[in-house]
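Written below as structure tokens is the structure these notes are about.
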């Protein structure tokens, strides 16, 4: 079960997915700014309520404001890193993308 700290890593793939899905492909935010937004969103998540995924890891529900002014629900896909006390956000999916085999989506 993940526990969150400031040391949650954010993979480049998750940053790319944020740009594609939340910002509609528009640039404007730096890599570090997107990492911070993802980490801040995770600070509100209750780790004991996360569903475990078939491929391992967890799906953490988060909310982001899009660049069009809408608030949308997404899922940060968390996988354990080599250090078992740390977690990495490996992707950012929409709710409809969680259907089916998660390993094919990451």
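In the numbering used here, the protein residues as written are 1 to 106.
Built from N, CA and C at the ideal position, the CB exists for glycine as well.
All figures in this text were calculated on a predicted structure; none of them were measured in a lab.
| Item | Value |
| --- | --- |
| Can you have a look at residue 91 and say buried or exposed, based on whether 16 or more other CB atoms are within 10 angstroms of its CB? | buried |
| Considering residue 65, what are the terminal residues of the alpha helix (DSSP H) in which it resides? | Not the alpha helix (DSSP H): residue 65 falls in the beta strand (DSSP E), residues 58–65. |
| Looking at the structure shown, is residue 18 part of a helix, part of a strand, or coil, going by DSSP? | helix |
| With burial defined as no fewer than 16 other Cβ atoms inside 10 Å of the residue's Cβ, what is the status of residue 88: buried or exposed? | buried |
| So what does residue 75 bridge to, in DSSP terms? | 61, 93 |
| Since residue 86 is in the alpha helix (DSSP H), which residue starts that stretch and which ends it? | Careful: residue 86 lies outside any alpha helix (DSSP H) and carries neither H nor E. |
| What are the partner residues of residue 80, as DSSP defines its beta bridges? | 87 |
| So if DSSP puts residue 8 in a beta bridge, which residue, or which two residues, is it bridged to? | According to DSSP, residue 8 bridges with nothing at all. |
| Quick check: residue 29 and residue 59, are their CB atoms within less than 9 Å of each other? | no |
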